[in-house]
Each structure stands twice: as C-alpha cells, then as structure tokens.
Amino acid sequence: MRYVVLCLILLLLFPLAASAQQSIQYGDTVTGSISNEAPIQEYQFAGTAGDVITISMEAVEGSELDSYLRLLNSDDEVVAENDDAADVTINAAISDFTLPVDDTYLIQASRYGLEGGISEGDFQLTLTLGTQGEVDETPQPTEATTANIITYNAPVRGRINAQVAEERWEFTGTEGDEITIRMTRVDPASSLDTFLYLLDNEGNELAQNDDAALSDDLSTSEILNFDLPYTGTYVIVATRYGGATGTSSGDYTLEILTRDEPTTTTTTTEGGQVEGQAVSYGMFIADRLDADAAPKVYTFEAQTDDIVTISVKRQSGDFDPALILRDSSGNIVASNSRFNGAADARIVDVPLPGAGTYQIEVQAERGSSGDYMLYLMEVNTVISAVTPEPDTGQTGTPEPTQTAPDLSGAVFAITLSWDGAADFDLQVIDPDGASVDYFNPEVDSGGQFGGDANGGCSEAQDSPSETVFWETDPPPGAYEIGVAYVFPCGATDPVPFTITISRNGEVLETIEGELNQGGFQSYAWTME
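If you count the sequence shown from 1, you need to add 756 to reach our numbering.
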C-alpha cells in the first residue's frame, strides 16, 4: 500500500479588534504583520490642512497578503482608502492625498475584506509628505486613458476616489442628435462633488458642467440639450471638482439621455439607484460579466425583519466577484469580496433595515471576467417552494442529486458527507492544479464530480454527500481538499462533516470536522 501524508490547514474567520495604535511620522517606514488574530494594524499621526501625503503598503516578498489601506479622521470617518496600487494588486497606496483639516489621523493597514478577509503576511508601510499644490477650481482632463463604453439611455456606474480621479466613457453619436449627459452621486452620504466634460474624437473640449441647474447640492452634473456637431466617436470625462487635486470621492451613475424612448428596461430612480433585473428569494441567476463591463444589477422586494444571504460564485474564467447590497435610496447596507477566496463573494445573514426594494450589485474586480451564479436567500423562506421565472432562461432553483453516484468503477474517491439540510460544497484540486467541483465536473487527470447535494437549499436529502472520484489510476502528488459551508437552509450551527478517502473500496483515511455557516476548511493530502 502506498503511504499517505495528511496535513490540516484550518481557515476560520473571526471578527477581531484592531491592534494597539502606534505612532508614525512623515518619512517613517514601519513593518508589521496581518493575520487572522490581528487583521488590522493602526498608526496615528498629526496632519496639517493642505499637507499632500502618500501612504504606501507593500507586501514583503513571499507574502500572500492582499494589502488594504484606510485613512480615518479623529471622528473615525474614512477620508481615503485603497485596495490595489496601480497595476500591483497585492499592494495598496493612498497617493497624493490632500489633508482637508488640521487633525490627528489614523492609518489602518489591513487586508482585503478586513476582519472577514483570509490573506495573511508581512508588510512594509511608508508615510511621506509631498509638495503642497494649489487646487485648480476648474479641473482639466488628464491625458487620454482607455475609455469604457456607454450607449444612449443605458445608465452605467463608476467610482471616483483618491487613486481614480476621472473615468472616461466613449460613445458613438450622429450629427444633430440632441443629448443630455447626467452624472449623479449614488450614495448621499459620500463626498463626491461631480464634474463633467464632453470631448470630441481629437480630445478637444466641447462642453463642461459642475453643478446641474436643477440640483440643490453638489451631487449632480449635467450637460443639457447638447447638439452633436458630427457623426462619430465622442468621449465623456466623469470626474470631480478639483480633478486630480480634488479630495471628494464616491460612486456615481452616468447616462446619456435622448428624446427617444430608452432602448433598455434599465432606469435610474430619483435617489440615484440603478434598477435592474427583478429576482426573488430562492432563485439563482446564471449570468456573466466581462472585464471593464458595468456592474450587473438585480432588484428584489423585502419585508421588515427579513434576513438575507447573497452569494455569487465563479463558474468560468478568472472572475473575481464583489457584492454590494443597497437600499431603495442607494445607501450601502452590506458588501463583500473574496469571502472564501477570489472565486466567492458573500453577504451572510444581513438583517434588512425595513420593507422596500433592494438592489444587488455584482462587480468584476481586477479586470477579471467570466460566468457566475448568484443566489438570493432569506433565512425564513422555504427555498424549494419558490417557482422560478419560466421565460428568462437564467433563473431557477438548483436541481439536487437525488441518489448517490455509482462508484462501483471508482479506483479512487474522496467523499464528503454530513447530516441535515445545510448546503455544503466539496472541491478537490488535483496535482496538476485542476479543480474538480460543481462548476468544473471533469478534468484532464480523470477526476469527476459526482453531483451536488442540497444545492441551493432545494429538497434536502436524508444523508447528503458529494464525491470526487477517478475511474483510472489517480495522478501521484499533492491534492487539496476543500469543504465549504455554503448555506444553513434551516440547519443549526455548527454542522459536523466527514471526509472519506478510499482506493479500490478500501478506506485510506477518514477526516472529521465541523463548520459554522460561511466556514471553510482545506486539507492537503499527498498520494505517493
């Protein structure tokens, strides 16, 4: 018999407080470490209004840390934050930020997901003071960058922050078209002071606007009833007051309105919220997002005291999802990215503040793209009783595996079993790095996924189990076995489970464990 080596890597997420604050001064470089036990390190400094500062956080060589930075004022308000510095996705930087007032500021060095993140490692943090400059009250567009695509009567969403002072949107127009371009702050609580430019195809300015005539605050910019002078390509520059030297930030919606009827069913509400595809509890949505595409938006109706769980999982490509849940006014209720890694974003057991229409926004992060599956569930809703919309071709309830797969021809099998109605997922990564799971049921090494049990909380089985198996000799080397607790489906935490590893019907190893909702355990197992 071949020898097997088993080691356990347990990844559990615990909400933890930040570590004790340390002092830092301009020009200082400090080192620190982020872990599940200490997910946030804090550094305090005294700043003067007008100071132009840069904070950089770099993961040290060999570290798996996905750095994340926040800058807070003495009222614990976030005045700047950053996840990815330029094109380096594991580092973070708040660059050339102008301090608005004399204050004691707090730098929070953390990881993507903060307390709920999973990356760990050492980092180096540097605080520098740059040259203070005068703010140009009329910002000028910067040199041309790659533009996104926008079309008439189809609102899109973007974001302005310390690292992205402007975003460009390209559209094709016809000579004589009368258009109105409107940029609106999404979250009333954000500081974004919107500013708009319209450029021709050579970069010359055709029109600009700071504050819309009918807007009583800084939340909307509007180029009103503009006649296009030629047929061809135009560029909209969505930015903020002060441009690159401005300090406001936030999400926005952008739309080009014409006198014609809208060409899509997507609309923008009075509060700035983008409406989208209507969904309901118990449904799953199979959809796709490509790199640099506008976020996909879904809406659902909720009642007072509803408690929701929303999950989006990669199905193909390198899709790195992020989730945002908003109320009917566009305010963020909850958000998440990388719940159990780059392929999974999840908002778990969130009590809704009241009855009304809520919005789910799915974003593709870091230029990723691919297919995904979105689940929407309410704790007190019986999932299997929900009937999907028959005409969309995209929604429904997952079909459970009613019987165990036929393993009579299996040479090698890894089986996950548990009790109750909870939805667990099994994933096995073979020595070639290929993942065998629900979304990838067959791989080149011969590995096969036997079927989903209790998928999406539909028709709970008496003894649910999921198996990955090989009908030929499995490749030697290191295997990674992942167990994820996806949804409780009425189960009470924690839920125990068993992993059984067998070859030619003989049990090689049995592993027992238990998980709370949203938990994940990964086991490294070597076939010699």
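Glycine included, C-beta positions come from ideal geometry on N, C-alpha and C.
To the nearest angstrom, how far is the alpha carbon of residue i from that of residue j?
i        : j        : result
Ser-947  : Cys-1245 : 40 Å
Phe-927  : Ile-937  : 11 Å
Gly-1203 : Thr-1223 : 10 Å
Thr-1256 : Asp-1175 : 15 Å
Arg-915  : Ile-1088 : 14 Å
Ala-1058 : Ile-1080 : 16 Å
Ile-1267 : Asp-878  : 32 Å
Tyr-1037 : Tyr-1054 : 12 Å
Gly-865  : Phe-1225 : Here residue 865 is Ala; the residue named in the question, Gly, does not match the sequence. One C-alpha to the other measures close to 43 Å.
Val-1106 : Ser-779  : 36 Å
Gln-781  : Leu-821  : 24 Å
Gly-1152 : Met-1129 : Low per-residue confidence applies at Gly-1152: pLDDT is 42, beneath 50, and the placement is therefore not dependable enough to give any value.
Ala-1042 : Gly-1206 : 21 Å
Asp-1188 : Thr-995  : 46 Å
Tyr-997  : Gly-818  : 41 Å
Val-912  : Asp-1007 : 11 Å
Ala-1209 : Val-786  : 49 Å
Tyr-908  : Ile-979  : 14 Å
Phe-1180 : Tyr-1279 : 16 Å
Ala-805  : Pro-856  : 5 Å
Glu-833  : Met-1133 : 32 Å
Asn-1286 : Gly-929  : Within the shown structure, residues of the chain are numbered from 757 to 1284, placing residue 1286 beyond reach of any answer.
Gln-1029 : Glu-1236 : Note that Gln-1029 scores a pLDDT of 45, beneath 50, so its modelled location is shaky; the value from the coordinates is reported in the next line. Answer to the nearest angstrom: the Cα atoms are 42 Å apart.
Asp-949  : Thr-1001 : 13 Å
Arg-826  : Ala-836  : 6 Å
Ser-1084 : Thr-1171 : 44 Å
Thr-1282 : Ala-1234 : 4 Å
Glu-1262 : Ser-1221 : 18 Å
Tyr-1194 : Ser-1219 : 18 Å
Leu-858  : Gln-777  : For clarity, residue 858 is Asp in the given sequence; the question names Leu instead. Approximately 19 Å between the Cα atoms of the pair.
Asp-1061 : Pro-1250 : 24 Å
Leu-1163 : Pro-795  : 43 Å
Ala-848  : Arg-1082 : 26 Å
Phe-967  : Phe-982  : Strictly speaking, residue 967 in this sequence is Asp, with Phe absent from that position. Taking the straight line joining both Cα atoms gives about 16 Å.
Taking the Cβ atom as the reference point for each residue, do residue i and residue j lie within a distance shorter than 8 Å?
i        : j        : result
Ser-975  : Thr-1003 : no
Val-808  : Thr-860  : no
Leu-952  : Asn-960  : no
Glu-1117 : Pro-1197 : no
Asp-1048 : Leu-984  : no
Leu-954  : Tyr-990  : yes
Glu-1227 : Val-1167 : yes
Leu-1271 : Phe-1243 : no
Trp-925  : Ile-992  : yes
Gln-880  : Glu-793  : no
Tyr-1131 : Ile-1063 : no
Gly-1032 : Val-942  : no
Gln-1298 : Asn-838  : Here the chain comprises residues numbered 757 to 1284, so residue 1298 is not present and cannot be evaluated.
Ser-1258 : Ala-1169 : yes
Ala-1120 : Ala-1101 : no
Ala-1111 : Ile-1103 : no
Asp-784  : Thr-810  : no
Asn-904  : Ser-1005 : no
Glu-876  : Ile-790  : yes
Tyr-1241 : Ala-1177 : no
If you compare alpha carbons, which of the options is closest to residue i?
i        : options                                : result
Phe-1186 : Leu-1079, Ile-906, Ala-865, Pro-1232   : For the sequence presented, residue 1186 should be read as Asp rather than Phe. With distances taken between Cα atoms, Asp-1186 lies closest to Pro-1232.
Val-1184 : Val-1239, Pro-1220, Ala-1177, Ser-1164 : Val-1239
Ile-863  : Asp-878, Leu-1163, Gly-873, Thr-882    : Thr-882
Gln-797  : Val-834, Arg-867, Phe-1056, Ser-830    : Arg-867
Glu-922  : Leu-1010, Ala-1120, Asn-981            : Leu-1010
Asp-1200 : Arg-913, Glu-820, Trp-1281, Asp-1229   : Asp-1229
Val-1012 : Glu-833, Ala-910, Gly-1165             : Per the sequence shown, residue 1012 should be read as Ile rather than Val. Ranking Glu-833, Ala-910, Gly-1165 by Cα distance to Ile-1012 puts Ala-910 first.
Ala-1247 : Gly-1261, Gln-1217, Val-1263           : Gln-1217
Leu-1045 : Lys-1069, Thr-907, Gln-880             : Lys-1069
Glu-871  : Asp-858, Asp-943, Ser-823, Ala-1178    : Ser-823
Phe-1276 : Gly-988, Gly-873, Val-1035             : Gly-873
Ala-1099 : Ser-1191, Tyr-1114, Leu-1108           : Ser-1191
Thr-1113 : Met-1039, Phe-1040, Val-1035, Phe-801  : Val-1035
Val-816  : Ile-846, Tyr-799, Ala-963              : Ile-846
Phe-801  : Ser-875, Glu-876, Ser-791, Leu-885     : Leu-885
Which residues does DSSP pair with residue i in a beta bridge?
i        : result
Phe-1075 : Looking at the DSSP assignment, Phe-1075 forms no beta bridge with any residue, so it has no partner.
Gln-1217 : Gln-1217 is not bridged to any residue.
Arg-996  : Thr-950
Leu-1013 : Thr-936
Asp-1043 : Tyr-1128
Pro-1252 : Glu-1270
Gly-877  : Ile-790
Ile-863  : Tyr-799, Leu-827
Within the 8 Å Cβ cut-off, does residue i reach chain C?
i        : result
Tyr-1131 : Note that chain C does not occur in the displayed structure, where there is just one protein chain.
Per the contact definition of three or more C-beta pairs closer than 8 Å, is the region 1122-1129 in contact with the region 1067-1076? yes
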